[in-house]
């Protein structure tokens, strides 16, 4: 493989990492509170707001039903508004985040629901308010699940960022399509796939290790 | 120390949850410390709940926090300073005997140790009332005794009112002063524990107490037939002072009736002696027998003719 190709590969890897990290950060920052809201406002939640819950739930479902490739194109006006252009890494972050926010919100919601109701009751019985419930019970107790779910979200984002190549985002997927597919350079395709496998594996190992460290419940220990 | 007992589904847990406002009754009122609490909103209930400690069947400790942080949580909620929290937590861990486990996580503790952490946490904010919701139901008998002793000590040393909910009569018997029996959401019987054990009045109490009720051994019971005979079975119940008297000797002296002891024993509930004796009396001489029964009815709380024993074929 030529040195320009290696440089191109390195460049693409960085672009993928930037897109994944930025969209991952945004989906975490927005998705986690959203997931918390979905649990809290549900029937029997500690901040029961049925109407709000139905609305948020519907919004999340709607966003999750749209195929990513369509979302990518559909939000171009919004992307232009936010980053001033509809192509490139920065432009891809907008649709990637929009797809990942509801995805992570559902995963976070599941993790919060896993928290034993007895713990919530116990802290309410101690006179704890909503804020105490959130930062002393829900978040610490759900943390291993929130972390594992975040790893899954990042892996999904790496996959989705390849599709974002369709709008000229750059990144590994873009490289694979332009060189590997359109120019029949099979070795580029193979290298890109190998890099992606390594990237996802490394991410999963780190995510699992963090989750195991965070988990004090004894479930994961032998 | 009040014990509240009932079968599952009788409404025990619902009742206890109404006391700290975790559940709201559909009707009626709940007064705690002279305050009507059913009308209070969540925020107004919070200071009240801090005055009421609660322990649970499944301990409900936060798995992500160490023992110290679990016990400190009520103090943190109260807004106590870190130094004050540390001091109070050390004091509580000494009280429950877990000072060496301070930095362990709940998953590393045994059931009994978890409940001791639960008790320490419940006491942290110096509550005026401690609610115990089936606190020993998930523990083995030995650990149950240790936890009950701890609660008894706390009750005596801190002068704290403790309300114990349980479906086990043994728990009530071991530590409660008074007991209320709950059936279908209603209190059907209430009184000092020794009184309820000695003479249960309601059918639910009777069935809950079945295991503690003196009964003839099965082999003997199978040979009892209705009516009187050469060996008529009389069940006697003697409570308190009555249990100290040489009852059968006095019976022989006063009436000439000679009783055979078939089965029985004296038990102590809250230091009150409760004796249940099954004696055999010869009813061949009707007047001696009548005199004996008359005597026994005067000297025992209860004297009941159960039938007579027939010999094996």
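Residue numbers (the numbering used here), protein chains in the order written: chain A, 206 to 427; chain B, -3 to 309. Just so it is clear, CB atoms sit at the ideal spot from N, CA and C, and this is done for glycine as well. Quick caveat: nothing in here was measured; it's all calculated off a predicted structure.
Run through chain A and tell me which residues come within less than 7 Å of residue i, C-beta to C-beta.
i	result
residue 180 (chain B)	None at all; the shortest Cβ gap to chain A is about 24 Å.
residue 73 (chain B)	331, 332, 333, 337
residue 101 (chain B)	421
residue 35 (chain B)	Simply none; closest approach about 18 Å.
residue 8 (chain B)	The premise fails here: residue 8 (chain B) is roughly 15 Å from chain A at the closest Cβ pair, so nothing lies under 7 Å.
residue 97 (chain B)	Per Cβ cutoff of 7 Å: no residues; residue 97 (chain B) is ~14 Å from chain A at best.
Find out if the Cβ-Cβ distance for the pair residue i, residue j is shorter than 7 Å.
i	j	result
residue 253 (chain B)	residue 288 (chain B)	yes
residue 370 (chain A)	residue 378 (chain A)	yes
residue 311 (chain B)	residue 233 (chain B)	Residue 311 (chain B) is absent from the structure shown; chain B starts at -3 and stops at 309.
residue 201 (chain B)	residue 177 (chain B)	yes
residue 349 (chain A)	residue 420 (chain A)	yes
residue 189 (chain B)	residue 172 (chain B)	yes
residue 276 (chain B)	residue 227 (chain B)	yes
residue 330 (chain A)	residue 37 (chain B)	no
residue 21 (chain B)	residue 59 (chain B)	no
residue 223 (chain A)	residue 292 (chain A)	no
residue 229 (chain A)	residue 54 (chain B)	no
residue 304 (chain A)	residue 276 (chain A)	yes
residue 250 (chain A)	residue 73 (chain B)	no
residue 291 (chain B)	residue 258 (chain B)	no
residue 92 (chain B)	residue 115 (chain B)	yes
residue 397 (chain A)	residue 380 (chain A)	yes
residue 310 (chain B)	residue 224 (chain B)	A query on residue 310 (chain B) cannot be resolved here, the shown segment of chain B reaching from -3 to 309 and no further.
residue 120 (chain B)	residue 67 (chain B)	yes
residue 172 (chain A)	residue 314 (chain A)	This structure cannot settle anything about residue 172 (chain A), because the visible part of chain A is limited to 206 through 427.
residue 327 (chain A)	residue 56 (chain B)	yes
residue 301 (chain B)	residue 230 (chain B)	yes
residue 100 (chain B)	residue 63 (chain B)	yes
residue 298 (chain A)	residue 227 (chain A)	yes
residue 205 (chain B)	residue 274 (chain B)	no
residue 34 (chain B)	residue 26 (chain B)	yes
Find the residues of chain B that neighbour residue i, judging by a C-beta separation of less than 8 Å, and give them in chain order.
i	result
residue 329 (chain A)	18, 45
residue 380 (chain A)	What residue 380 (chain A) touches in chain B: nothing, since even the nearest Cβ is about 42 Å away.
residue 342 (chain A)	58
residue 249 (chain A)	Those do not exist, as residue 249 (chain A) stays about 12 Å from chain B at its closest Cβ, beyond 8 Å.
On the DSSP bridge list, what partners appear for residue i?
i	result
residue 50 (chain B)	B:127
residue 182 (chain B)	B:179
residue 270 (chain B)	B:235, B:263
residue 319 (chain B)	Nothing about residue 319 (chain B) can be reported from this structure: the residues present for chain B run from -3 to 309 only.
residue 256 (chain B)	B:276
residue 187 (chain B)	B:175
residue 160 (chain B)	B:-1, B:128
residue 221 (chain B)	B:304
residue 28 (chain B)	B:31
Round the Cβ separation of residue i and residue j to the nearest angstrom and send it over; I've been treating them as touching at under 8 Å.
i	j	result
residue 353 (chain A)	residue 412 (chain A)	6 Å
residue 94 (chain B)	residue 112 (chain B)	5 Å
residue 360 (chain A)	residue 306 (chain A)	With 8 Å as the limit, residue 360 (chain A) and residue 306 (chain A) do not qualify as a contact, their Cβ atoms being about 16 Å apart.
residue 397 (chain B)	residue 153 (chain B)	Outside the shown range of chain B (-3 to 309) lies residue 397 (chain B), about which nothing can therefore be said.
residue 300 (chain A)	residue 284 (chain A)	7 Å
residue 444 (chain A)	residue 288 (chain A)	An answer regarding residue 444 (chain A) cannot be provided, because it is not within the stretch 206 to 427 covered by chain A.
residue 51 (chain B)	residue 129 (chain B)	7 Å
residue 46 (chain B)	residue 70 (chain B)	7 Å
residue 12 (chain B)	residue 127 (chain B)	5 Å
residue 345 (chain A)	residue 61 (chain B)	7 Å
For residue i, decide whether its Cβ has a neighbour in chain B, counting only Cβ atoms nearer than 7 Å.
i	result
residue 346 (chain A)	yes
residue 391 (chain A)	no
residue 358 (chain A)	no
residue 318 (chain A)	no
residue 423 (chain A)	yes
Give a single yes or no on whether residue i has its beta carbon closer than 6 Å to a heavy atom of the ligand ATP.
i	result
residue 103 (chain B)	In the structure on display, the ligand ATP does not appear, and there are no ligands present to speak of.
Would you say residue i lies against chain A (beta-carbon separation less than 7 Å)?
i	result
residue 111 (chain B)	no
residue 70 (chain B)	yes
residue 158 (chain B)	no
residue 42 (chain B)	yes
residue 51 (chain B)	no
Give the interface partners of residue i over in chain A, defined as CB-CB distance under 8 Å, in chain order.
i	result
residue 56 (chain B)	321, 323, 324, 326, 327
residue 152 (chain B)	In chain order: nothing, as chain A lies at least about 24 Å away.
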